[in-house]
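J.: This structure is in structure tokens; I'll ask about it shortly.
2 protein chains.
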Amino acid sequence: MRVFNFSAGPAMLPLPVLEEAQRDLVDHRGSGQSVMEMSHRSPQYDGIHQGALAALRRLLAVPDGYDVLLLQGGASLQFSMVPMNLMQPRRRADYVLTGSWSEKALAEARREGEARVAGSSEESSFTRIPRGEELDLDPQADYLHVTTNNTIAGTQWQEEHWASLATTSPAGGVPLVADASSDVLSRPVDVSRFGLVYAGAQKNLGPAGVTVVVVRKELVERAPESLPTMLQYRTHAAKDSLYNTPPTWAVYVLSMACRWVEEQGGTAALGELNRRKAETLYAALDAGGFYRGTAEPASRSWMNVTFRLPSEELERRFLAEAEAAGLLNLKGHRSVGGVRASLYNAMPQAGVDALVALMADFERRMG
Amino acid sequence: MRVFNFSAGPAMLPLPVLEEAQRDLVDHRGSGQSVMEMSHRSPQYDGIHQGALAALRRLLAVPDGYDVLLLQGGASLQFSMVPMNLMQPRRRADYVLTGSWSEKALAEARREGEARVAGSSEESSFTRIPRGEELDLDPQADYLHVTTNNTIAGTQWQEEHWASLATTSPAGGVPLVADASSDVLSRPVDVSRFGLVYAGAQKNLGPAGVTVVVVRKELVERAPESLPTMLQYRTHAAKDSLYNTPPTWAVYVLSMACRWVEEQGGTAALGELNRRKAETLYAALDAGGFYRGTAEPASRSWMNVTFRLPSEELERRFLAEAEAAGLLNLKGHRSVGGVRASLYNAMPQAGVDALVALMADFERRMG
Numbered sequence: 001m002r003v004f005n006f007s008a009g010p011a012m013l014p015l016p017v018l019e020e021a022q023r024d025l026v027d028h029r030g031s032g033q034s035v036m037e038m039s040h041r042s043p044q045y046d047g048i049h050q051g052a053l054a055a056l057r058r059l060l061a062v063p064d065g066y067d068v069l070l071l072q073g074g075a076s077l078q079f080s081m082v083p084m085n086l087m088q089p090r091r092r093a094d095y096v097l098t099g100s101w102s103e104k105a106l107a108e109a110r111r112e113g114e115a116r117v118a119g120s121s122e123e124s125s126f127t128r129i130p131r132g133e134e135l136d137l138d139p140q141a142d143y144l145h146v147t148t149n150n151t152i153a154g155t156q157w158q159e160e161h162w163a164s165l166a167t168t169s170p171a172g173g174v175p176l177v178a179d180a181s182s183d184v185l186s187r188p189v190d191v192s193r194f195g196l197v198y199a200g201a202q203k204n205l206g207p208a209g210v211t212v213v214v215v216r217k218e219l220v221e222r223a224p225e226s227l228p229t230m231l232q233y234r235t236h237a238a239k240d241s242l243y244n245t246p247p248t249w250a251v252y253v254l255s256m257a258c259r260w261v262e263e264q265g266g267t268a269a270l271g272e273l274n275r276r277k278a279e280t281l282y283a284a285l286d287a288g289g290f291y292r293g294t295a296e297p298a299s300r301s302w303m304n305v306t307f308r309l310p311s312e313e314l315e316r317r318f319l320a321e322a323e324a325a326g327l328l329n330l331k332g333h334r335s336v337g338g339v340r341a342s343l344y345n346a347m348p349q350a351g352v353d354a355l356v357a358l359m360a361d362f363e364r365r366m367g
Numbered sequence: 368m369r370v371f372n373f374s375a376g377p378a379m380l381p382l383p384v385l386e387e388a389q390r391d392l393v394d395h396r397g398s399g400q401s402v403m404e405m406s407h408r409s410p411q412y413d414g415i416h417q418g419a420l421a422a423l424r425r426l427l428a429v430p431d432g433y434d435v436l437l438l439q440g441g442a443s444l445q446f447s448m449v450p451m452n453l454m455q456p457r458r459r460a461d462y463v464l465t466g467s468w469s470e471k472a473l474a475e476a477r478r479e480g481e482a483r484v485a486g487s488s489e490e491s492s493f494t495r496i497p498r499g500e501e502l503d504l505d506p507q508a509d510y511l512h513v514t515t516n517n518t519i520a521g522t523q524w525q526e527e528h529w530a531s532l533a534t535t536s537p538a539g540g541v542p543l544v545a546d547a548s549s550d551v552l553s554r555p556v557d558v559s560r561f562g563l564v565y566a567g568a569q570k571n572l573g574p575a576g577v578t579v580v581v582v583r584k585e586l587v588e589r590a591p592e593s594l595p596t597m598l599q600y601r602t603h604a605a606k607d608s609l610y611n612t613p614p615t616w617a618v619y620v621l622s623m624a625c626r627w628v629e630e631q632g633g634t635a636a637l638g639e640l641n642r643r644k645a646e647t648l649y650a651a652l653d654a655g656g657f658y659r660g661t662a663e664p665a666s667r668s669w670m671n672v673t674f675r676l677p678s679e680e681l682e683r684r685f686l687a688e689a690e691a692a693g694l695l696n697l698k699g700h701r702s703v704g705g706v707r708a709s710l711y712n713a714m715p716q717a718g719v720d721a722l723v724a725l726m727a728d729f730e731r732r733m734g
């Protein structure tokens, strides 16, 4: 029986992608070899690699003037590569804190230069996204860093947050840098709003081991040439991310996941599916007093829905019943407790429906 | 038809490993999910991860006092991580140049401190490994870096090179650092000889996307705490390489490749198989004047066998015939031309026998 895996990442992949990967694993389309065995300089792999780059460019509607890179090291390495490459020339950057991951990004930036907290919702336990008018922005910052979706507190920048940032920001020339690891490709996004967007693949794009970076070409050129070669964006931009051996299998699965998104109708259609999944679950939370969503409504994430039950004992029983029913990894992050349902692209509506049915049944018995 | 892939890497994987990966891809051992979908914090993935670390420790006979790390970024990132972490306290290191990859390692080290050429076979076009007495070693260097196998020129440090290094080195206290990307796990090696060994997985260990580092614990502690967190060995050593999301699928396939090596009888038995493959091919090269090995006999690699034919036109015809016969990727590196047969762990004797048969037939017709 296939389980519904609500993990915050790595997470579910579309079943057709897994089935195709399985079918072709030993002998990729009559080539007599696995994708894992292909030289990264072979025409076969090059087709896969360029196909992945092209699909990302189409799906994200990446404008001209941007490079799309496939890197390794996850968002954690981007926490350092961003300041190493972009904290130029003033070595000053602004960070908006919306949870643990933005705090980690800030900590790494502080190893490279002067990184300032331009705004934070820490006093609200990160249960909301600050609005533009709450931020104290440095118009001379080299960049402004945000985390678009926050997996632990279950919040996400919504259109009204972006709009309020745009209208209140005095920092017109300051490039916006976004960690979009947990909501990339989950709905349409205007890439031209950003100077750089990065995302580990293992939530919405594919398996762990490949990281997507979309970056404006003029920012690629900011980095000092003295940086380690592998840590300069320009190294990878100049070589179509084939400077060294890429994580070929992860790129291959990502390319199939992108094709699956296109088959769903692209990010617009997928966004509607993701909206419906999230609304189904939030409606269940709001229907009575038994379950209580922890994020403020205007900041609620479509990707990670966080909630509590009336007691920790009930939460334990609920999680045990969910696990027994094949609804896995619903435990909230250890730093906040409670329940967390991650609803990334590959989580079907049926998984959410099963969760909501269990919730109703559990409340009936325990409420 | 399964091909014989003589690629310098990524390279062949053992067929039983691919078949098991295929069988379990969609539903890993009844878990209802793919390994690619598993949370890296789940007990299922943790078993795979710890199993991979333990298997590497057994197979490489890693002594106490060493950490085994699973990282990302390939050898190319290690070219920088090694000097960033280990070029302490004097910021001086020695490099032995035996080909392009050691030159790249040197270039990155020079971004971090004073890296000196302690010896080189460049004047012989890198067709041999320098002997210990040819080296000019700095007894105060923070480390001495070597490349144990050289994929382009087809040379490899043999026991007599290590012995001559040990007896002539004035640098008793200087840790030896080795890039073993292209011969790791291919025969028994005394790890205690080294302070640090690193290897990208995609030749002898598994698929691209994971890098193995074996490092003495006291060297782990050398790095300045100001380095980016992800670039400090101590970060990964302290967390069993689970500080951030590891490249889970690549680690999984690596763990199966390690089990396959154990089933072959470990590195001792595999070393004999690899020796036999190499000797089969070198015997064919030495049998007459048509084919000519390019590496000096005492430095010949068991992993990458490089040779020439009487003319480039004959080389082109030979490579075309090989490709048509399912013997792929035999073209020498573009910087040196000729023919290169990479005989990593998963290349069966049958592949070498088929190559040698083709060579004999080709010579009969063309010689």
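Just so you know, the protein sequences line up as chains A and B, in that order. If you count by the numbering used here, then the first sequence holds residues 1 to 367, one letter each, in order. If you count by the numbering used here, then the second sequence holds residues 368 to 734, one letter each, in order. Glycine residues also receive a C-beta, built at the ideal position from the N, C-alpha and C atoms. All values reported here derive from a predicted model rather than from experimental measurement.
Got a sec: which bits of the stretch 8 to 37 of chain A sit with their beta carbon under 8 Å from any beta carbon on chain B, in order along the chain?
T.: Per Cβ criterion, the list reads ALA8, GLY9, PRO10, ALA11, MET12, LEU13, LEU15, LEU18, GLU19, ALA21, GLN22, LEU25, VAL26, ASP27, SER31, GLY32, GLN33, SER34, MET36, GLU37.
J.: Just to make sure I have the definition right: I need the residues of chain B whose C-beta is within less than 7 Å of the C-beta of ASN5 (chain A). Which are they?
T.: Under the 7 Å cutoff, chain B gives GLN400, GLU404.
J.: Here's the rule I'm using: 16 or more other beta-carbon atoms within 10 Å means buried, otherwise exposed. How should GLY30 (chain A) be labelled?
T.: When all chains shown are included, GLY30 (chain A) counts as exposed.
J.: Here's the rule I'm using: 16 or more other beta-carbon atoms within 10 Å means buried, otherwise exposed. How should SER593 (chain B) be labelled?
T.: Result: exposed.
J.: Classify SER186 (chain A): buried if its beta carbon has 16 or more other beta carbons within 10 angstroms, exposed otherwise.
T.: Classification of SER186 (chain A): buried, given that the 10 Å Cβ count is 16 or more.
J.: Within 8 Å, do at least three Cβ pairs link the stretch 2 to 12 of chain A to the stretch 368 to 381 of chain B?
T.: Counting Cβ pairs under 8 Å, fewer than three are found: no touch.
J.: Using beta carbons (cut-off 8 Å, strictly below), is GLN417 (chain B) in contact with chain A?
T.: No, because no Cβ of chain A sits closer than 8 Å to the Cβ of GLN417 (chain B).
J.: How about MET454 (chain B): is its C-beta nearer than 8 Å to some C-beta of chain A?
T.: Judged by the 8 Å Cβ criterion, MET454 (chain B) is not in contact with chain A.
J.: Check the C-beta distance from LEU543 (chain B) over to ARG560 (chain B) and give it rounded, since I have them as a contact under 8 Å.
T.: Confirmed, Cβ separation roughly 6 Å.
J.: Which whole-angstrom value describes the C-beta separation of VAL174 (chain A) and LEU144 (chain A), a residue pair presumed to lie in contact below a C-beta threshold of 8 Å?
T.: Right, the Cβ-Cβ distance comes to about 5 Å (below 8 Å), so this counts as a contact.
J.: I want to see whether chain A comes within less than 8 Å of TRP616 (chain B), judged by CB atoms only; does it?
T.: Interface residue, yes.
J.: Do the stretch 45 to 55 of chain A and the stretch 238 to 258 of chain A touch if we need at least three Cβ pairs shorter than 8 Å?
T.: Yes, the stretch 45 to 55 of chain A is in contact with the stretch 238 to 258 of chain A.
J.: What are the residues that DSSP puts in a beta bridge with HIS145 (chain A)?
T.: A:TYR95, A:VAL177, per the DSSP bridge assignment.
J.: Span of the alpha helix (DSSP H) holding ASP286 (chain A)?
T.: Here the alpha helix (DSSP H) through ASP286 (chain A) covers 266 to 286.
J.: Kindly provide the ranges of any beta strand (DSSP E) runs that are 3 or more residues long and lie completely inside the stretch 98 to 165 of chain A, ordered along the chain.
T.: As far as the stretch 98 to 165 of chain A is concerned, its whole beta strand (DSSP E) runs of at least 3 residues are 114 to 120, 143 to 147.
J.: Look up SER559 (chain B) in the DSSP assignment and say whether it is helix, strand or coil.
T.: Looking at SER559 (chain B) - three-state DSSP - the assignment turns out to be helix.
J.: With a threshold of 8 Å on Cβ separation, who are the neighbours of PRO595 (chain B) within its own chain once the five nearest residues in sequence on each side are excluded?
T.: Hits under 8 Å: none found.
J.: Write down the C-beta distance between ILE496 (chain B) and SER666 (chain B) rounded to the nearest angstrom, noting that I regard them as a contact closer than 8 Å.
T.: Contact holds; Cβ gap of about 4 Å.
J.: Of the residues A:ALA55, A:LEU106, A:GLY132, A:ARG41, which one's Cα is nearest the Cα of VAL214 (chain A)?
T.: The shortest Cα separation from VAL214 (chain A) among A:ALA55, A:LEU106, A:GLY132, A:ARG41 belongs to A:ALA55.
J.: Determine contact between the stretch 115 to 122 of chain A and the stretch 263 to 283 of chain A, defined as no fewer than three beta-carbon pairs at a distance below 8 Å.
T.: No, they do not touch.
J.: Taking the beta strand (DSSP E) that SER709 (chain B) belongs to, which residues open and close that run?
T.: Where SER709 (chain B) is concerned, the enclosing beta strand (DSSP E) stretches over 706 to 709.
J.: Against HIS40 (chain A), what residues of chain B qualify as contacts under a CB-to-CB distance less than 8 Å, listed in chain order?
T.: Neighbours of HIS40 (chain A) on chain B, chain order: PRO377, ALA575.
J.: Are LEU694 (chain B) and LEU725 (chain B) close, meaning C-beta to C-beta below 8 Å?
T.: Yes.
J.: Can you confirm whether the stretch 101 to 108 of chain A touches the stretch 67 to 83 of chain A when touching is taken to mean that 3 or more C-beta pairs between the two stretches lie within less than 8 Å?
T.: Segments in contact, yes.
J.: Excluding the five sequence neighbours on either side, which residues of its own chain have a C-beta within less than 7 Å of the C-beta of HIS407 (chain B), listed in chain order?
T.: LEU609, THR612, PRO613, THR615.
J.: Determine whether the beta carbon atoms of TYR45 (chain A) and MET36 (chain A) lie at a separation below 8 Å.
T.: Taking 8 Å as the Cβ cut-off, TYR45 (chain A) and MET36 (chain A) do not qualify as a contacting pair.
J.: Looking at the unbroken beta strand (DSSP E) that takes in TYR66 (chain A), where does it start and where does it end?
T.: That run of the beta strand (DSSP E) goes 66 to 71.
J.: How many angstroms separate the CA atom of ARG111 (chain A) from the CA atom of ASN85 (chain A)?
T.: When rounded, the distance between both Cα atoms is 13 Å.
J.: Please classify GLN202 (chain A) as buried or exposed, where buried requires at least 16 neighbouring CB atoms within 10 angstroms.
T.: Buried: at least 16 other Cβ atoms inside 10 Å.
J.: Do you know offhand how far THR98 (chain A)'s Cα is from ARG116 (chain A)'s?
T.: For THR98 (chain A) and ARG116 (chain A), the distance between alpha carbons rounds to 14 Å.
J.: Given a cut-off of 8 Å on the beta-carbon distance, is the pair ARG316 (chain B) and GLN523 (chain B) in contact?
T.: Past the edges of chain B, shown from 368 to 734, lies residue 316 (chain B), and the structure says nothing about it.
J.: Give me the chain A residues within the contact set of LEU444 (chain B), using Cβ-Cβ distance strictly less than 7 Å, ordered along the chain.
T.: In chain order: MET230.
J.: Helix, strand or coil for VAL197 (chain A)? Go by DSSP, reduced to three states.
T.: In this structure, VAL197 (chain A) counts as strand in the three-state DSSP scheme.
J.: Taking just the CA atoms, how far does GLU679 (chain B) sit from VAL212 (chain A)?
T.: Taking the straight line from one Cα to the other gives about 41 Å.
J.: List the residues of chain A whose Cβ lies closer than 8 Å to the Cβ of ASN696 (chain B), in chain order.
T.: SER39, SER42, listed in chain order.
J.: Taking the Cβ atom as the reference point for each residue, do LEU343 (chain A) and MET303 (chain A) lie within a distance shorter than 8 Å?
T.: Result yes, Cβ atoms of LEU343 (chain A) and MET303 (chain A) sit closer than 8 Å.
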